[in-house]
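In the working numbering, the protein residues as written are 6 to 160.
We treat Cβ as the ideally placed atom computed from N, Cα and C, and that holds for glycine.
These notes concern the structure reproduced below.
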């Protein structure tokens with residue numbers, strides 16, 4: 006990941022943990038379109054993050070409307086394909102390999118997980134790896150017991 010991606014990723018995680026909606030919007034805006042290709046790395050990272058944060062019942066699901074709003078207002082910062090991909094991830098629609106990966110992680114079935122990681126890594130030139138980074142960050146922010154580690158209230 007590039008230095009800028011790492012910087013804005015860290016700031017976004019902090020903003021989500023603190024419930025700072027203004028900072029969430031700023032960091033999402035900074036990540037949108039960051040990188041090269043049809044789906045820049047910043048967008049792929051946000052897609053992976055969204056894939057986990059907006060699972061039904063996740064404590065951060067509260068931020069779904071904010072992610073949709075920021076994407077709608079800032080869509081000119083990235084490619085059309087990337088806007089569609091990110092919007093679909095927010096709505097929990099993505100490749101079967103990602104669905105399978107999330108299902109097995111959530112249900113604690115570790116045996117087939119590496120197979121799905123390998124499939125996800127094959128998406129695009131770096132898109133799959135960037136998505137996996139977003140998913141990993143979202144899982145790290147989520148307490149195993151579903152607690153309130155991710156603040157659900159905006160300042």
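Q) So, residue 95 versus residue 121, is the Cβ gap smaller than 7 angstroms? A) no
Q. Looking only at C-alpha atoms, which of 71, 22, 87 and 65 sits nearest to residue 50?
A. When only C-alpha atoms are compared, the closest one is 87.
Q.
Just to confirm the assignment: which complete beta strand (DSSP E) runs, minimum length 3, are found wholly within the stretch 71–156?
A. none
Q) Exposed or buried, which one is residue 98 when buried takes at least 16 other CB atoms within 10 Å? A) exposed
Q. Taking Cβ to Cβ, would you say residue 143 is nearer than 7 angstroms to residue 57?
A. Yes.
Q. Considering only the beta carbon of each residue, do residue 91 and residue 48 sit closer than 7 angstroms?
A. yes
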